[in-house]
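Worksheet: the structure to be examined is printed underneath.
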Amino acid sequence: MRIVGYVRQGAGRTDADTAFAQAERVRRWVRDTGNDLVAVCQDAGPIGSGRDDLDRPGYRAMMDIVRADDADAVVVGSLAALSSDVVLQEIMIADIRSHGATVVATDEADIATLLDADEDQVRMVVRDVVDRVIEYRSRFAHDDATPDSAADDSGDDDGSHDVV
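Printed below as a string of structure tokens:
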């Protein structure tokens, strides 16, 4: 299998799970399983605002590799590398999977979480909602649809919509 790794440095200098440590776990997993490492993409942690930094060139690069079908799986040192927010983690996991790649974690607890979220009510709800969104898009949305293109551009300020 072709593997792309994704790591993200934690928020502070005291974070023990450094990007280097995560990358080493990814490399070890790839070596131990006999797979091929395509790339390891890296981002810095959240900056200042207390929420995940939205400027993630490493994540974008990893997704470009996945979208190009150049990787069969994404391996992370921990799910926290994706996001500290469980909801965002699940959205990111679903996005990766929607492009045909498997998500693998090197952390034992995260492996169990990826396989089955029955213990985590939030993950169960988010997975259900994400599945419904994917189902909806596959049935009704256009490939070129974006949130901006769905907005009403008719100039009506009263919020009403004409039905024809």
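First residue of the sequence shown? That's 1463 in the numbering used here, and the numbers climb one at a time after it. Glycine included, C-beta positions come from ideal geometry on N, C-alpha and C. None of the values given here were measured: they were computed from a predicted structure.
Could you tell me the alpha carbon to alpha carbon distance between E1552 and V1492, rounded to whole angstroms?
For the purposes of this step, residue 1552 is taken as residue 90 along the sequence shown, with counting starting at 1. For the purposes of this step, residue 1492 is taken as residue 30 along the sequence shown, with counting starting at 1. Going from the Cα of E1552 to the Cα of V1492 covers about 23 Å.
Simplified DSSP assignment, three categories, for T1495:
As a working mapping, residue 1495 is identified with position 33 in the sequence shown. It is helical.
Just confirm the distance between the C-beta atoms of T1568 and V1537, as a whole number of angstroms; I'd bet it's less than 8 Å.
Taking the sequence shown and counting its residues from 1, one reaches residue 1568 at position 106. Taking the sequence shown and counting its residues from 1, one reaches residue 1537 at position 75. Right, the Cβ-Cβ distance comes to about 7 Å (below 8 Å), so this counts as a contact.
Count the other CB atoms within 10 Å of the CB of G1520; is the residue buried (16 or more) or exposed (fewer)?
As a first step, residue 1520 must be located in the sequence shown, where it is residue number 58. G1520 is buried by the Cβ-count criterion.
Can you give the Cα-Cα distance for R1470 and V1502, rounded to whole angstroms?
On the sequence shown, residue 1470 is found 8 positions in, with the first residue counted as 1. On the sequence shown, residue 1502 is found 40 positions in, with the first residue counted as 1. In a straight line, the C-alpha of R1470 is about 10 Å away from that of V1502.
Does the beta-carbon of R1599 have 16 or more other beta-carbons within 10 angstroms, so that it is buried, or is it exposed?
Your numbering for residue 1599 matches position 137 in the sequence shown. Counting Cβ neighbours within 10 Å, R1599 comes out exposed, since fewer than 16 surround it.
Beta-carbon contacts of V1488 that lie in its chain and below 7 Å, excluding the five residues immediately before and after:
By 1-based counting over the sequence shown, the position of residue 1488 is 26. Spatial neighbours of V1488 in its own chain (CB-CB distance under 7 Å, excluding positions within 5 residues in sequence) are listed in chain order as G1467, V1469, V1502, V1537, G1539 and T1568.
Under three-state DSSP, which class holds T1480?
Along the sequence shown, read from residue 1 onward, the residue named residue 1480 stands at position 18. Correct three-state label for T1480: coil.
Can you pull the DSSP bridge partners for A1571?
The sequence position of residue 1571 within the sequence shown is 109, counting from 1. Looking at the DSSP output, A1571 sits in no beta bridge, so it has no partner there.
Beta carbon of A1533 nearer than 8 Å to that of V1565:
Start at 1 with the first residue of the sequence shown, and residue 1533 comes out as number 71. Start at 1 with the first residue of the sequence shown, and residue 1565 comes out as number 103. Contact flag unset, no.
Three-way DSSP call (helix, strand, coil) for G1520 in this model:
Here the question's residue 1520 lines up with position 58 in the sequence shown. Helix, per DSSP.
Cα-Cα separation, A1403 to D1593
There is no way to answer for residue 1403, as the model of the chain reaches only from 1463 to 1626.
Assign Q1583 to one of two classes, buried (16 or more other C-beta atoms within 10 Å of its C-beta) or exposed (fewer than that).
The residue given as residue 1583 occupies position 121 in the sequence shown. Exposed, since its Cβ has fewer than 16 Cβ neighbours within 10 Å.
Restricting to Cα atoms, I'd like to know which of A1523, T1495 and R1490 is closest to Q1504.
As a position in the sequence shown, residue 1504 is number 42, starting the count at 1. Comparing Cα-Cα distances from Q1504 to each of A1523, T1495 and R1490, the minimum goes to A1523.
Rounded separation between S1545 and A1571 - CA only
Translated into the one-based positions of the sequence shown, residue 1545 becomes position 83. Translated into the one-based positions of the sequence shown, residue 1571 becomes position 109. In a straight line, the C-alpha of S1545 is about 16 Å away from that of A1571.
Take T1575 as the anchor and find which of V1548, R1559 and E1597 has the nearest alpha-carbon.
Start at 1 with the first residue of the sequence shown, and residue 1575 comes out as number 113. When each option's Cα is compared against that of T1575, the closest is V1548.
Residue(s) in a DSSP beta bridge with G1467
The residue given as residue 1467 occupies position 5 in the sequence shown. Residue pairing by DSSP places G1467 opposite V1502 and V1537 in a beta bridge.
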